[in-house]
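In this note's numbering, each residue carries its 1-based index in the sequence shown increased by 64. C-beta atoms are modelled at their ideal positions from N, C-alpha and C, and glycine is treated no differently. It should be emphasised that the depicted structure is a prediction, and the values quoted were computed from it without experimental measurement. Input: a single structure, listed below in C-alpha cells.
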Amino acid sequence: MSTEKTHKGKCFCGAVEFTVTGEPAAMGYCHCSSCREWSAGPVNAFTLWPPDKVKVTKGVANIGVYHRTDNSLRKWCKTCGGHLFTDHPGWKLTDVYAAIIPSVQFEPALHVNYQETVLPMKDGLPQQKDVPKEMGGSGELLRE
Ligand SMILES: [Zn+2]
Ligand SMILES: [Zn+2]
Numbered sequence: 065m066s067t068e069k070t071h072k073g074k075c076f077c078g079a080v081e082f083t084v085t086g087e088p089a090a091m092g093y094c095h096c097s098s099c100r101e102w103s104a105g106p107v108n109a110f111t112l113w114p115p116d117k118v119k120v121t122k123g124v125a126n127i128g129v130y131h132r133t134d135n136s137l138r139k140w141c142k143t144c145g146g147h148l149f150t151d152h153p154g155w156k157l158t159d160v161y162a163a164i165i166p167s168v169q170f171e172p173a174l175h176v177n178y179q180e181t182v183l184p185m186k187d188g189l190p191q192q193k194d195v196p197k198e199m200g201g202s203g204e205l206l207r208e
C-alpha cells in the first residue's frame with residue numbers, strides 16, 4: 065500500500081543499508097540465552113516483520129549469516145560486525161533489531177523467553193515463559 069511508511073536502517077559502519085515498510089507484526093524483548101550470547105547484551109529488543117517488508121538496499125554481499133538452529137538465521141555486517149537481522153523461517157518473520165531502525169517507534173508489547181532472563185524488567189508487560197502459543201511455545205505467563 066502506498067500509505068505504508070518506509071524506514072531506513074543500516075549497520076554500524078554503513079556498508080549495509082536496508083528499509084522496512086509498514087508496521088511490525090510484533091515488538092518486544094527477548095531474554096533467551098542465544099540472543100544474549102550472540103549479541104553480548106542482556107536482552108534483545110526485537111521488531112518482527114514479514115520478510116517481504118525488509119529490503120536490503122546496499123551491501124547484500126556484505127551480510128554474513130550464522131545459524132545455531134534452523135529457525136534463527138542471524139545476520140551481521142562482515143565489515144563492522146554490526147548485527148542486522150535474525151530470519152525466523154519457521155514463523156515467516158524477520159527480526160530487525162530495534163536499535164538499528166531508530167525512526168520506528170519502539171512500542172514493546174511483551175517479554176519472551178523470560179524464564180532465561182538475567183535482567184528482570186518490571187515494566188508491567190506480559191512475561192512469556194518461552195514464546196506465545198501461536199509461535200509454538202507454551203504461552204505460559206510468569207508472574208512476579
Ligand atoms: Zn557494517
Ligand atoms: Zn532470543
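### Query
Should C75 go down as buried or exposed, given a rule of 16 or more other Cβ atoms within 10 Å for buried?
The Cβ neighbour count for C75, taken over all protein chains shown within 10 Å, is at least 16; the residue is labelled buried.
### Task
Kindly indicate which residue of H152, A125, K186, S103 has the alpha-carbon position closest to the one of D134.
Considering only alpha carbons, the answer is H152.
### Task
Can you grab the Cα-Cα spacing for the pair T85 / G201, in whole Å?
Their Cα atoms are separated by approximately 28 Å.
### Query
In the structure shown, what three-state DSSP assignment does A79 receive?
Judged by DSSP in its simplified three-state form, A79 adopts coil rather than helix or strand.
### Task
Could you check the C-alpha separation between M199 and S103 for me, to the nearest Å?
Going by the C-alpha atoms only, they are around 22 Å apart.
### Task
Compute the beta-carbon to beta-carbon distance between F82 and V129, rounded to the nearest angstrom, for a pair I have assumed lies under 8 Å.
Contact between F82 and V129 is absent: CB atoms are separated by about 14 Å, not below the 8 Å threshold.
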